[in-house]
Amino acid sequence: MKVYEAIGDTLSRLGVDTMFGLIGSGNFDLVHHMTENRGVAFRASRHEAASVGMATG
Numbered sequence: 014m015k016v017y018e019a020i021g022d023t024l025s026r027l028g029v030d031t032m033f034g035l036i037g038s039g040n041f042d043l044v045h046h047m048t049e050n051r052g053v054a055f056r057a058s059r060h061e062a063a064s065v066g067m068a069t070g
């Protein structure tokens, strides 16, 4: 098991169903695992501050 799989599986077990952020080389594997294998929605933004705003509603 890879680290991103362990993190993704834990987040999924905790009830995470949507992720917000920017896609980059540092998080691509986690985002791909979560969206393809765990059914989590990913909402992309153009800036980190926008991701925080979307996540807080």
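Per our numbering, the very first residue in the sequence shown carries number 14; after that it's consecutive. The beta carbon of each residue, even a glycine, is placed where N, CA and C say it ideally should be.
Grab the span of the alpha helix (DSSP H) containing Arg56 for me, first residue to last. Mapped onto the sequence shown, residue 56 falls at position 43. Element bounds for Arg56: not the alpha helix (DSSP H) but the beta strand (DSSP E), 54-57.
For Met67, name the three-state secondary structure that DSSP assigns. If you number the sequence shown from 1, residue 67 lands on position 54. In the structure shown, Met67 sits in a helix (DSSP, three-state: H, G or I).
Can you tell me the Cα-Cα spacing of Ala54 and Met14, whole angstroms? Position 41 of the sequence shown, counting from 1, holds the residue named residue 54. Position 1 of the sequence shown, counting from 1, holds the residue named residue 14. Ala54 and Met14 have their C-alpha atoms some 22 Å from each other.
Give me the Cβ distance between Phe33 and Ala62, rounded to the nearest whole Å; I'm assuming they're in contact under 8 Å. The residue given as residue 33 occupies position 20 in the sequence shown. The residue given as residue 62 occupies position 49 in the sequence shown. Contact flag wrong, Cβ pair sits at about 11 Å.
Count the other CB atoms within 10 Å of the CB of Val44; is the residue buried (16 or more) or exposed (fewer)? On the sequence shown, position 31 is the one that residue 44 refers to. Burial of Val44 is indicated by the presence of at least 16 other C-beta atoms within 10 angstroms of its C-beta.
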